[in-house]
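S.K.: I'd like to ask some things about the structure below.
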Amino acid sequence: MTESLQPRSAPFSQLQYCNADRPRRRSSSGLFARLGKDQLPVTDDLYHMARAVRENAHAPYSKFKVGAAIRSRNGIHVGCNVENAALPDGICAEGGAITSMVAAGDKEILEVLVYAESDSLVAPCGGCRQKLSEFAGPDVKVTMAGPDGITATMKMDELLPAAFLFKPA
Ligand SMILES: O=c1ccn([C@H]2C[C@H](O)[C@@H](CO)O2)c(=O)[nH]1
Ligand SMILES: [Zn+2]
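Count along the sequence shown from 1, then add 1; that gives the number in my numbering.
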């Protein structure tokens, strides 16, 4: 059972900060094990806030709920995906968290965590990588997490090397 929860994609298994080898409990019911206090990811507060806000996601089309939490100097800002019948008009959890941060008056991301429940870790989509890079420096850590506490962390410039920068001529 727990084997299937290992991050599957190649980059995740090579991550510097990946904690996939940390000991964790076997699931007693369902697909995922419950987190024990000894198993919490390093960024506990972001983890719990992203996990909690995911419950509020509006995802009737994909049925795939995502939560995101961003740490900035003035606090933690959360977002969940909000889909729309006009499918491309939906917004990702990361986009919602960014909007919340900016609305709260902050424009510098210190840390990001994305929480989803899938058989592999969920990384921000391409568009969200660009959105994050607008406010996150190259060394900012972006952690991807699931319900059993497996996390992988990538730096912003690993997630989006050669980000687009708008420099009018
Ligand atoms: O990092 C991600 C990946 C996907 N989604 C959302 C978009 C869509 O609503 C659903 C399925 O792609 O998941 C996010 O919010 N963040
Ligand atoms: Zn996205």
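Note that the Cβ used here is the ideal one computed from N, Cα and C, for glycine as well. Nothing here was measured: the structure is a model prediction, and the numbers come from that model.
Exposed or buried, R52, counting other C-beta atoms within 10 Å across all chains shown (16 or more means buried)?
M.R.: Taking the first residue of the sequence shown as 1, we reach residue 52 at position 51. Buried, because 16 or more other Cβ atoms sit within 10 Å of the Cβ of R52.
S.K.: Which same chain residues end up closer than 6 Å to C161 when comparing Cβ atoms and leaving out the 5 residues on each side of it in sequence?
M.R.: Here residue 161 is taken as the residue at index 160 of the sequence shown, counted from 1. It is Leu, not Cys, that sits at residue 161 in the sequence shown. The residues are R130 and S134.
S.K.: Is the beta carbon of S73 less than 7 Å from the beta carbon of L114?
M.R.: As a working mapping, residue 73 is identified with position 72 in the sequence shown. As a working mapping, residue 114 is identified with position 113 in the sequence shown. The Cβ atoms of S73 and L114 do not sit closer than 7 Å to each other.
S.K.: Compute the distance between the beta-carbons of E84 and G91, then report whether it is under 7 Å.
M.R.: Here residue 84 refers to the residue found at position 83 when the sequence shown is read from its first residue. Here residue 91 refers to the residue found at position 90 when the sequence shown is read from its first residue. Contact: yes.
S.K.: Pull up the DSSP beta-bridge partners for H59, would you.
M.R.: As a position in the sequence shown, residue 59 is number 58, starting the count at 1. H59 pairs with V83.
S.K.: How would you label Y62, buried or exposed, when you count the other beta carbons within 10 angstroms and need 16 or more for buried?
M.R.: Walking along the sequence shown from the start, residue 62 turns up at place 61. Per the 10 Å Cβ criterion, exposed.
S.K.: Please report the straight-line C-alpha distance between K142 and M155, rounded to a whole angstrom.
M.R.: Translated into the one-based positions of the sequence shown, residue 142 becomes position 141. Translated into the one-based positions of the sequence shown, residue 155 becomes position 154. Whole-angstrom Cα-Cα distance: 6 Å.
S.K.: Between which residues of its own chain and D158 is the CB-CB distance below 7 Å, once the five residues before and five after are set aside?
M.R.: Start at 1 with the first residue of the sequence shown, and residue 158 comes out as number 157. Excluding residues up to 5 positions away in sequence, P139 lie with their Cβ nearer than 7 Å to the Cβ of D158 in the same chain.
S.K.: Is P139 helix, strand or coil when you go by DSSP?
M.R.: Here residue 139 refers to the residue found at position 138 of the sequence shown. Strand at P139.
S.K.: Would you kindly work out how many angstroms separate the C-alpha atoms of E109 and D149, rounded to a whole number?
M.R.: Working through the sequence shown from its first residue, we reach residue 109 at position 108. Working through the sequence shown from its first residue, we reach residue 149 at position 148. Spanning the two alpha carbons is a distance of roughly 29 Å.
S.K.: Is G127 near ligand 1, with its Cβ less than 6 Å from a heavy atom?
M.R.: Numbered from 1 along the sequence shown, position 126 holds the residue referred to as residue 127. No, the Cβ of G127 stays beyond 6 Å of every heavy atom of ligand 1.
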